[in-house]
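Report on the structure given below.
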Amino acid sequence: MTQASTEVQIALLIHGQALLQREIEENKREAEADLKRITAKADADIKEANNKIAALEDERNKALKWGVMTLGTAVIGMAYWIFEKVIGGHIR
Numbered sequence: 016m017t018q019a020s021t022e023v024q025i026a027l028l029i030h031g032q033a034l035l036q037r038e039i040e041e042n043k044r045e046a047e048a049d050l051k052r053i054t055a056k057a058d059a060d061i062k063e064a065n066n067k068i069a070a071l072e073d074e075r076n077k078a079l080k081w082g083v084m085t086l087g088t089a090v091i092g093m094a095y096w097i098f099e100k101v102i103g104g105h106i107r
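To convert a position in the sequence shown, counted from 1, into my numbering, add 15.
Set out below in structure tokens:
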């Protein structure tokens, strides 16, 4: 009876080991699927962030050009006004 019981215990241990191995493989597949999903989301988030950065840089450049042109126009207008005052004899 002892030998049969030992054989049964060994068989149960082998069966338990096989179940654990299947569970490990299933967990591994789930982890790989999760990693793939997270990587895809991270890539999408990076692409979205890069697009937002590009849009902000474009907006900044447009605002800078507009500001420089506005300031340049104001300086030229002031220079013309001063020139007219000097030529007109209002300033000596």
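For glycine and all other residues, C-beta sits at the position ideal for the given N, C-alpha and C.
Beta-carbon spacing of residue i, residue j below 8 Å
{"i": "isoleucine 106", "j": "lysine 100", "result": "yes"}
Close-in-space but distant-in-sequence residues of the same chain around residue i (CB under 7 Å, 5 per side omitted)
{"i": "leucine 35", "result": "none"}
Three-state class that DSSP yields for residue i in the structure shown
{"i": "isoleucine 106", "result": "coil"}
Any chain C beta carbon closer than 8 Å to residue i
{"i": "glutamine 18", "result": "Of the protein chains in this structure there is only one, and it is not chain C."}
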